[in-house]
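Novice: Below are the structure tokens for one structure; questions will follow.
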């Protein structure tokens, strides 16, 4: 009996040791999130000067995280990776004796941008409060500025495109004109002198008009009164038109989302609503599971999901022919389904639209998403040790469900401006010939 107990104890001890060893190996070499920052600190001021050794340590830290975590470094014959490797080695050799945080930020950003990965980028985590132009009521009165500080806007845009991480030019250009040029740190990043404010030049009847702005915290800036009543998840039922619109401003998969989702579909069922739309305009993403939760109320048995490759240390694990068996929830909806998108329907919001479109479950109205379905993603979070510049690194590669449209954005079936989406939706559901609105 004692011999048996010794054998059992020995076996149990071996199992514990082996399990501990496997756990140690996984955490040390295979866990995608190994080495992530426990917390993100404020970056040092842009004008702060680093020594060469400090900057070199930051550059090598960033380069190591890319090589050890990003899927691109395990892909065969990736020319972007070859270019980035060469540029990082060159930067390491040529870092000057002193360099400002701003200069370092620009240098590393211009290298990373070669990946064209919208989820991998370097950011300056403002040590103070971000500053904006002091009057937001002026820009909407005009088309895009033609000059900033008397420099042609095309030159500044070109600089932005060279140093920014994005997948589609049209998305980067939208972002540049909609938000980038109105913050002080972004203008500094683009080489604009903001020390005495900034001057924008617009055209009014082909005549240049200049406006000078100071920089202030956002709360102090003059702007149009906007209602703060909008919730991140909500819905509206139009009984007369038999339409339900479910609005999702961020992809958070939590109890509140599930509760509002259930209430929406119950009301749709109780009122025999024929058409529903999920509004993803301006939704920057989050948890892709929000789409799966939504589809649980749609009468579909199985649908395709996106193939992917996940990096586990030295291994790139590929998942192909991915299908989801739908765990349905009552009450089920089997009417007309629409997805409302714009250029800022990004990441998980883009995935949401792709699930609907590429599985032929519904139609997309609005603008093409600015995030490519064939892209890297799922962020890891890091921070450079000295400058405290903050950066994200993708550790997954996603592939479009519809392979025939690989490389293309999620394009709408009914194309219109973001501002016209709701009007277009109503036209579609109330006309006998909705094909007349199709532009694609």
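Residue numbers (our numbering): -7 to 432.
Even glycine gets a Cβ: it sits at the ideal position worked out from N, Cα and C.
For residue 292, which of helix, strand or coil comes out of DSSP?
Specialist: coil
Novice: With three or more C-beta pairs closer than 8 Å as the rule, is the segment 344 to 354 touching the segment 391 to 411?
Specialist: yes
Novice: Measure how close the beta-carbons of residue 389 and residue 368 come, nearest whole angstrom, since I'm counting them as under 8 Å.
Specialist: Residue 389 to residue 368, Cβ: 5 Å. Contact.
Novice: Of all the beta strand (DSSP E) runs that stay within the bounds of the segment 47 to 81, which reach a length of 3 or more residues?
Specialist: Uninterrupted beta strand (DSSP E) stretches at least 3 residues long and entirely within the segment 47 to 81 do not occur.
Novice: Could you please give me the residues that DSSP links to residue 407 through a beta bridge?
Specialist: DSSP lists 358 as partners of residue 407.
Novice: Determine which residues share a DSSP beta bridge with residue 442 and list them.
Specialist: Summary: the structure shown does not reach residue 442, with the chain confined to residues -7 through 432, and so no result is reported for it.
Novice: Would you list, in sequence order, the uninterrupted alpha helix (DSSP H) runs of no fewer than 4 residues that lie entirely inside the segment 329 to 381?
Specialist: 340 to 350
Novice: Between the alpha carbons of residue 228 and residue 236, how many angstroms are there, rounded?
Specialist: 6 Å
Novice: Report all residues from its chain with a CB closer than 7 Å to the CB of residue 37; omit the five preceding and five following residues, and keep chain order.
Specialist: 93, 119
Novice: Hey, how far is the Cα of residue 431 from the Cα of residue 246?
Specialist: Bear in mind that the predicted position of residue 431 carries a pLDDT of just 47, short of 50, making it unreliable; the figure below should be weighed with that in mind. The straight-line gap from Cα to Cα measures roughly 37 Å.
Novice: Between which two residues does the alpha helix (DSSP H) harbouring residue 244 extend?
Specialist: First-last for residue 244: undefined, no H or E at that position.
Novice: Secondary structure at residue 201, three-state DSSP: helix, strand or coil?
Specialist: strand
Novice: Quick check: does the Cβ of residue 377 come within less than 6 Å of any heavy atom belonging to the ligand HEM?
Specialist: This structure lacks the ligand HEM; in fact it carries no ligand of any kind.
Novice: Would you mind reading off the limits of the beta strand (DSSP E) that contains residue 192?
Specialist: 190 to 196
Novice: Which residue wins for smallest C-alpha separation from residue 204, given the options 39, 421, 191, 166?
Specialist: 191
Novice: Based on Cα-Cα distance, which residue from 292, 317, 380, 299 lies nearest to residue 329?
Specialist: The shortest C-alpha separation from residue 329 is found at 292.
Novice: Going by C-alpha distance, which of 3, 105, 186, 100 is nearest residue 153?
Specialist: If we check each option's Cα against that of residue 153, 105 comes out closest.
Novice: Distance check for residue 356 and residue 332, CA to CA, integer angstroms please.
Specialist: 6 Å
Novice: Excluding sequence positions up to five away, which residues of its chain have a Cβ less than 8 Å from the Cβ of residue 2?
Specialist: none
Novice: Ordered along the chain, which non-local residues of its own chain (more than five positions away) have a Cβ less than 8 Å from that of residue 96?
Specialist: In its chain, beyond the 5 residues on either side, 42, 47, 50, 51, 379, 381 have a beta carbon closer than 8 Å to the beta carbon of residue 96.
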